[in-house]
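Enquirer: Structure provided below as structure tokens; questions to follow.
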Amino acid sequence: MKLKPTIYAQLLIDSMDSKTDTKKVAAGFWRLLQKNNQYKDLAKILAEVEVEYAKKEGKILTKVFSEKALNNAEIADIENKVAAKTGQKVIISNIIKRNWAGIEVVIDDKVIDLSAKGRIEKLAEKLRT
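Structure (structure tokens):
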């Protein structure tokens, strides 16, 4: 039976608590994906887990794209700025992109592009007008 990634994410989150044997849950989850021939959807499902977990915790999921992993101070700085702007607690997901210059912050569907490429494109757009 084919399920949507959101359903898998909710099932996975609901099955986890402090007393859960995470290895058993992960193994059972993987077997379920294989049985339903949906193991190829794992990336989509894990992305939905992040979104659903943030909702459950009453936090806002913020994805930060950068060329290298950000250190704890940089993540804390972004977290504090997003929290101040949104009024919500934040979960930061740092995603590494090779050949990327700068940082791009995605809050829900809003993109704050701090990359060199993004700055150049904004400048070019201003020059065209």
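Per this note's numbering, the sequence shown starts with residue 467, numbered consecutively. We put the CB at the ideal spot given by N, CA and C, even for glycine.
What does a CB cutoff of less than 7 Å around D507 pick up in its chain, not counting 5 residues either side in sequence?
Expert: Result list for D507: P471, in chain order.
Enquirer: Count the other CB atoms, across all protein chains shown, that sit within 10 Å of the CB of T486; report buried if there are 16 or more and exposed otherwise.
Expert: T486 is exposed by the Cβ-count criterion.
Enquirer: On the three-state DSSP scale, how would you describe D579?
Expert: In this structure, D579 counts as strand in the three-state DSSP scheme.
Enquirer: Just verifying my parser: in three-state terms, what is the DSSP assignment at L508?
Expert: The answer is helix: DSSP assigns L508 an H, G or I state.
Enquirer: Pull up the DSSP beta-bridge partners for I473, would you.
Expert: Partner(s): none; I473 has no beta bridge.
Enquirer: For L498 and L593, what's the separation of their Cα atoms in angstroms?
Expert: Each residue's alpha carbon lies about 54 Å from the other.
Enquirer: Is the beta carbon of D570 sitting closer than 8 Å to the one on S581?
Expert: Checking the displayed sequence, the identity of residue 570 turns out to be Glu instead of Asp. Closer than 8 Å, so yes.
Enquirer: Specify whether the segment 539-547 and the segment 508-516 touch according to this definition: at least 3 beta carbon pairs, one from each stretch, less than 8 Å apart.
Expert: They do not touch, by the three-pair rule.
Enquirer: What does the alpha-carbon distance come out to for the pair D575 and T528?
Expert: So the alpha carbons of these two residues sit roughly 10 Å apart.
Enquirer: Where do the ends of the beta strand (DSSP E) carrying L536 lie?
Expert: That residue, L536, is in no beta strand (DSSP E); it is neither H nor E in DSSP.
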